[in-house]
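Worksheet for the structure shown next.
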Amino acid sequence: MAIARISGVCIRGLVTAIPRKEVSLSNDEAYLFDGNQAQIERLKQTIGLDKRRIADEQTTAMDLAETAIRKLLEETNTDPGSIDGLFMVTQTPDYFQPGNAVMLQGRIGLPTTCACMDINLGCSGYVYGLWAVHSFMASGGLDRVILVVGDTISKIVSENDRALRPLFGDAASATLLESNLGAPEAIFELRSDGTGYQSLWQPGGAFREPVNDENSVPENLGEGIERSRCHLHMDGAEIFNFSLKVELPAIREILEEADWDVDEVDGFVFHQANRYIIENIRKRLKLPESSVPSATVEKFGNQSGASIPATLSDHYGNQLTEKPHKMVLSGFGVGLSWATCAIELPKLLCNSIIEH
Amino acid sequence: METFINNLVEGINSQGLIIQSNHKLVELPNWDSLAILTTLSMLDMEYGVTLSGTELQNCGTVAELYGIVEQRKK
Chain V
44 MAIARISGVC
54 IRGLVTAIPR
64 KEVSLSNDEA
74 YLFDGNQAQI
84 ERLKQTIGLD
94 KRRIADEQTT
104 AMDLAETAIR
114 KLLEETNTDP
124 GSIDGLFMVT
134 QTPDYFQPGN
144 AVMLQGRIGL
154 PTTCACMDIN
164 LGCSGYVYGL
174 WAVHSFMASG
184 GLDRVILVVG
194 DTISKIVSEN
204 DRALRPLFGD
214 AASATLLESN
224 LGAPEAIFEL
234 RSDGTGYQSL
244 WQPGGAFREP
254 VNDENSVPEN
264 LGEGIERSRC
274 HLHMDGAEIF
284 NFSLKVELPA
294 IREILEEADW
304 DVDEVDGFVF
314 HQANRYIIEN
324 IRKRLKLPES
334 SVPSATVEKF
344 GNQSGASIPA
354 TLSDHYGNQL
364 TEKPHKMVLS
374 GFGVGLSWAT
384 CAIELPKLLC
394 NSIIEH
Chain R
32 METFINNLVE
42 GINSQGLIIQ
52 SNHKLVELPN
62 WDSLAILTTL
72 SMLDMEYGVT
82 LSGTELQNCG
92 TVAELYGIVE
102 QRKK
């Protein structure tokens, strides 16, 4: 069973980059609902959709990542020459090859003694990435590492998809981790169920279904949804059921593994799929409202793997630079894949959101 | 059955709506992907019954849905 306990590594700082461009459901996307404001209001109230930050045509996840990393190095006063590793979790890289991490090493001018690698995961990716980096660092040879998580999912969603268009935003978030012998144990629980891969996926455009004249043409699926095989596909009801099914045991197990009471946890930061899913999980686990942030989606959209660090940056802000926090982080989604950790954040050197 | 109907009405956020057991689910006002989601949540929360989206959509009437829930509830 994939449960890992790793000590001697700590998070030092966090910067999240979001695109400057904001779109709103009520104005910019009313066309999806034929201008039916009552329907839009229902979505706002129930699911918590409202505004999103999306990358313009020229901006990629790598560009957002570069902005976040440069700011992180600056705010933590870190010499780029001292970085031993850069890992990027993304499913929307600039190219099929090479990966984003190695290109970012070159763009930012990190030393060639740096280990670089991409990790292909979505909503569970920040926790998986933290686990991977903790593991790499604990195995020796890496003392200062940057983990960056970023995607531009808005670019793979059909413009005429009533179900998915109002949901996804873009972001990249960079985290600085350092070896520190005194750092407390972090506990990670990693999980997968590949039988559910068709609940959330982008079937066309890679090598099983290379892009062609047919699979790139949107098909009308009814209920205001037009998608091509090269667009993102999601079965909302299946993903909702999956989230409840896996997240309740995941949180209970991690609390037990860490021997933490609900009351001593400063924050349960879930992947910000949408407010409705998070509230459903929170109520069933009877977690206090004040320790479960759920407003990231209505401000920025569902940012895939970057949603957990973006919530740490946006919701907690300076609190994380003022005192240590005990956090439970949990991501779930595409794969299907889910991962949860119990981690003690020391007082951070920086924790901010910047616009790209 | 009455409580079930009340829960259903609340679940799809259509307070005041009068529903009969022989009503077809697809003919309820606002019966869309959002209503399906909120109904799945209500069934899970109130009855401990998890239905797939397809199972729910395959239920013709309110009474059929009630039957499945009664059969499966814990």
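These protein sequences, in sequence, are chains V and R. Per the numbering used here, residue 44 is the first one in the first sequence, and the count goes up by one each step. Per the numbering used here, residue 32 is the first one in the second sequence, and the count goes up by one each step. All residues carry an ideal CB built from backbone N, CA and C; glycine is no exception. Please read these numbers as outputs of a predicted model, since none were measured by experiment.
Residue pairing from DSSP places residue 132(V) in a beta bridge opposite 162(V) and 192(V). Contact between residue 144(V) and residue 159(V) is confirmed by a C-beta separation of about 4 Å, below the 8 Å threshold. Within the stretch 292 to 309 of chain V, no residue has a Cβ lying closer than 7 Å to any Cβ of chain R.
Residue 169(V) sits close to residue 351(V), with the two beta carbons spaced by under 8 Å. Here residue 107(V) is not near residue 68(V), since their CB atoms are 8 Å or more apart.
Excluding residues up to 5 positions away in sequence, 127, 221 and 222 lie with their Cβ nearer than 7 Å to the Cβ of residue 186(V) in the same chain. In the structure shown, residue 371(V) adopts extended strand secondary structure according to DSSP, grouped into three states. Pairing residue 59(R) with residue 240(V), the inter-Cα distance amounts to about 32 Å.
In the DSSP assignment, residue 276(V) forms a beta bridge with 244(V). 8 Å or more divides the Cβ of residue 317(V) from the Cβ of residue 211(V). The CB of residue 85(V) comes closer than 8 Å to the CB of 44, 61 and 65 in chain R, given here in chain order.
Of the residues 271(V), 369(V) and 342(V), the one whose Cα lies closest to the Cα of residue 302(V) is 369(V). For residue 149(V), the enclosing alpha helix (DSSP H) stretches over residues 143 to 151. When DSSP states are grouped into helix, strand and coil, residue 311(V) belongs to the strand group. Residues of the same chain with a CB within less than 6 Å of the CB of residue 286(V), apart from the 5 flanking positions on each side, are 320 and 375 in chain order. For residue 123(V) against residue 201(V), the beta-carbon gap comes to about 39 Å, at or over 8 Å, which does not count as contact. Note on residue 245(V): 16 or more other CB atoms within 10 angstroms of its CB, so buried under the neighbour-count rule. Apart from sequence neighbours up to five positions away, the residues of its chain that approach residue 356(V) with a beta-carbon distance below 8 Å are 57, 58, 59, 216, 394, 395 and 396, ordered along the chain. Residue 213(V) places its beta carbon less than 8 Å from that of residue 97(V). Comparing alpha-carbon positions, the option among 88(R), 37(R) and 72(R) lying closest to residue 46(R) turns out to be 37(R). Cα atoms of residue 49(V) and residue 177(V): separation of roughly 7 Å, rounded to the nearest angstrom. Neighbours of residue 71(R) across chain V, judged by C-beta separation under 7 Å: 280, 283 and 284.
Restricting attention to 390(V), 61(V), 364(V) and 382(V), the CA atom closest to the CA of residue 230(V) is found in 382(V).
By the neighbour-count criterion, in which 16 or more other beta carbons inside 10 Å mark a residue as buried, residue 77(V) falls on the exposed side.
Taking a Cβ-Cβ threshold of 9 Å, the residues of chain V close to residue 84(R) are 278, 279, 280, 281, 283 and 284, in chain order. At a cut-off of 8 Å between beta carbons, residue 81(R) contacts chain V. The CB of residue 206(V) comes closer than 7 Å to the CB of 64 in chain R, given here in chain order. Nearest C-alpha to residue 115(V) among 264(V), 219(V) and 384(V): 219(V). Distance from the CA atom of residue 366(V) to the CA atom of residue 208(V), rounded to whole angstroms, is 38 Å. For residue 287(V), at least one C-beta of chain R is nearer than 8 Å to its own C-beta. Boundaries around residue 174(V) are those of the alpha helix (DSSP H), 168 to 181, since no beta strand (DSSP E) includes it. Beta bridge pairing from DSSP links residue 211(V) with 345(V). At a C-beta separation below 8 Å, residue 48(R) has no neighbours in chain V, since its nearest C-beta there lies roughly 14 Å away. Ranked by Cα distance from residue 62(R), the first of 99(R), 97(R), 92(R) and 80(R) is 92(R).
Residue environment analysis places residue 326(V) among the exposed positions, since fewer than 16 neighbouring C-beta atoms fall within 10 angstroms of its C-beta. When the alpha-carbon of residue 341(V) is set against those of 330(V), 315(V), 307(V) and 250(V), the nearest one is in 315(V).
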